Amino acid sequence: MLQPMYRRVMLVELRRGGRQLGIAHTRTGARYGGYNGEPQATISRDGSRVVFASNFDDGGAPSSYR
1 MLQPMYRRVM
11 LVELRRGGRQ
21 LGIAHTRTGA
31 RYGGYNGEPQ
41 ATISRDGSRV
51 VFASNFDDGG
61 APSSYR
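Heads up: the sequence shown is residues 1 to 66, going by full-length UniProt numbering.
What follows is the structure, encoded as structure tokens:
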């Protein structure tokens, strides 16, 4: 059974029947501060590291996590 993907950072294989791997929860809520507070993620070229931002629903500025 697939898990909900809401507020999650995921690695997804882009092909038919591709694999999905949840790697983090952002915990960003309704008070995320608009565009600048949205959860954003990026991955290194070799796929060994992912960094993402989240404000953990405290209404403040987002912090980065890796």
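Glycine included, C-beta positions come from ideal geometry on N, C-alpha and C. None of the values given here were measured: they were computed from a predicted structure.
(message) Is the beta carbon of R7 closer than 8 Å to that of R27?
(response) yes
(request) For E13, I'd like the list of residues in its chain whose CB is within less than 7 Å of its CB, leaving aside the five on either flank, ordered along the chain. (result) R19
(message) Does Q20 come out as helix, strand or coil in the three-state DSSP assignment?
(response) strand
(request) Give the straight-line distance between the Cα atoms of L21 and I43, rounded to the nearest whole angstrom. (result) 14 Å
(message) Going by DSSP, what residue range makes up the beta strand (DSSP E) through L11?
(response) R8 to V12
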